[in-house]
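Please read the structure below before turning to the comments.
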Amino acid sequence: MADLGTLEELPQDYRDDMTAAGVAPLWPMMRNVLPHGQPKPVTKPGHWAYDAVRPLLLRAGELTPVEKAERRVLVLSDPGRGPGAMCATPSIYLGMQLLLPGETAPAHVHTPSATRIIVEGKGGYTVVDGEKLPMEEGDLVLTPGGDWHDHGHEGDEPVVWLDALDLPLFVYLEGSYAIEGPLQAQRNRPDASQVEYLSAGLVPSRLRGAPRKYPMTRFPWARTEAALRQMAAYGDGLPELDYVNPETGQDVLPTMGFTAMMIPAGATDRPPVRSTSAAFHVVRGRGTTTVNGEKIAWGPKDTFTAPVFSEITHQAEEESFLVRIHDRPLQEKLGYYEERAR
Ligand code: 1HN
Numbered sequence: 386m387a388d389l390g391t392l393e394e395l396p397q398d399y400r401d402d403m404t405a406a407g408v409a410p411l412w413p414m415m416r417n418v419l420p421h422g423q424p425k426p427v428t429k430p431g432h433w434a435y436d437a438v439r440p441l442l443l444r445a446g447e448l449t450p451v452e453k454a455e456r457r458v459l460v461l462s463d464p465g466r467g468p469g470a471m472c473a474t475p476s477i478y479l480g481m482q483l484l485l486p487g488e489t490a491p492a493h494v495h496t497p498s499a500t501r502i503i504v505e506g507k508g509g510y511t512v513v514d515g516e517k518l519p520m521e522e523g524d525l526v527l528t529p530g531g532d533w534h535d536h537g538h539e540g541d542e543p544v545v546w547l548d549a550l551d552l553p554l555f556v557y558l559e560g561s562y563a564i565e566g567p568l569q570a571q572r573n574r575p576d577a578s579q580v581e582y583l584s585a586g587l588v589p590s591r592l593r594g595a596p597r598k599y600p601m602t603r604f605p606w607a608r609t610e611a612a613l614r615q616m617a618a619y620g621d622g623l624p625e626l627d628y629v630n631p632e633t634g635q636d637v638l639p640t641m642g643f644t645a646m647m648i649p650a651g652a653t654d655r656p657p658v659r660s661t662s663a664a665f666h667v668v669r670g671r672g673t674t675t676v677n678g679e680k681i682a683w684g685p686k687d688t689f690t691a692p693v694f695s696e697i698t699h700q701a702e703e704e705s706f707l708v709r710i711h712d713r714p715l716q717e718k719l720g721y722y723e724e725r726a727r
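All letters in the sequence shown, in the order written, are residues 386 to 727 by our numbering.
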């Protein structure tokens, strides 16, 4: 391996002249941006126990009216970047959002894509481009970049969901912005998961060739769980299901991917090392995950994260259902997604 030297080895007058000219030598900094063998992530594993976050979120509900907050959210900050970091991994932003009965969160549209996994409460809904999407525990709801969305609440208890956005990428690219607008008129019909895409393997015939870019923006949990259970009963290995666009079979969003996992009580999952970063949301269950030797003991509704290239081992104490949020779609588009055997 070449010894690339240090900045300090260079004469001070040369360093001053470079600074004045707005240039810098690459060689002393080369390994910072191109480490050997695999990346050296700044990101550290994070764990947000729902029991700890929930009271803080409810307090936000007392302190800050939704009209003032636009979105009432507590951001889950990557421990490697410290408090206030607007990301949980380099590509994934996570936040816990609270909506109280009768509240509405105003309509806006933005460049990043947003997704929700519903954590607790009944009666919440999101309107995405005029389509009203009911939010039930464990549902995955998409608001793809460029789609108008507002939230509402017709129930009588707090509704909480986990937001996952590809916001950090857009911030890095200086491409993140929003436009505000009036609440949307809602089409008076059930969402596409209950009509056109009610059944896996069936798509509406007359739309062939001209479907919406994001035809299905709600994935009801009940179906996901039923499918996982059937795979556990009749499939090989631990059941995992990827969420896909029913018209294309491709990932549901350009940069973020979602994988539902079931780990039976007592089972261990030891996936390959992946080049992706990941966030895990526990829909139900209890267990332990080690991320690069660091132990995370999780329970229902908790969220935890793993940096890129992590060695991850999950052990379920109880029958557990997790959703893994990752950036494989982005990495595949960039051409560097990789898995390494352990
Ligand atoms: C956003 O639009 C929502 O629509 C939630 O609920 C969280 C975080 C950053 C930027 C936009 C929402 C967000 C967000």
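Note that the Cβ used here is the ideal one computed from N, Cα and C, for glycine as well.
Since the structure is predicted, the reported quantities are computational estimates derived from the model, not experimental observations.
Check: residue i C-beta below 7 Å from any heavy atom of the ligand 1HN
i       : result
Asp-548 : yes
Tyr-348 : Examination of residue 348 is not possible in this model, given that the chain is present from 386 through 727 alone.
Ala-595 : no
His-666 : no
Val-458 : yes
His-711 : no
Leu-638 : no
Ala-726 : no
Gln-700 : no
Gln-579 : no
Leu-552 : yes
His-432 : no
His-538 : no
Ala-499 : yes
Residue i, DSSP secondary structure in three states
i       : result
Ser-660 : coil
Thr-674 : strand
Val-637 : coil
Met-520 : coil
Thr-449 : coil
Glu-724 : strand
Glu-393 : helix
Glu-717 : helix
Glu-679 : strand
In DSSP terms, what residue i is bridged to
i       : result
Gln-579 : Beta-bridge pairing links Gln-579 to no other residue.
Gly-509 : His-538
Asp-627 : Thr-644
Gln-700 : Thr-653, Thr-673
Presumed contact (8 Å Cβ cut-off) between residue i and residue j, rounded CB distance
i       : j       : result
Asp-463 : Ala-473 : 5 Å
His-538 : Leu-484 : 5 Å
Tyr-721 : Thr-661 : At roughly 10 Å, the Cβ-Cβ gap does not stay under 8 Å, so Tyr-721 and Thr-661 are not in contact.
Ala-490 : Arg-456 : 6 Å
Met-641 : Ala-563 : Not a contact, Cβ separation roughly 18 Å.
C-beta neighbour in chain B for residue i, strict 8 Å
i       : result
Lys-517 : The structure shown contains no chain B; it holds only a single protein chain.
(request) Jot down the residue ranges of each uninterrupted alpha helix (DSSP H) in the region 452–502, minimum 4 residues, whole runs only, in chain order. (result) Those alpha helix (DSSP H) runs which fall completely within the region 452–502 and span 4+ residues do not exist here.
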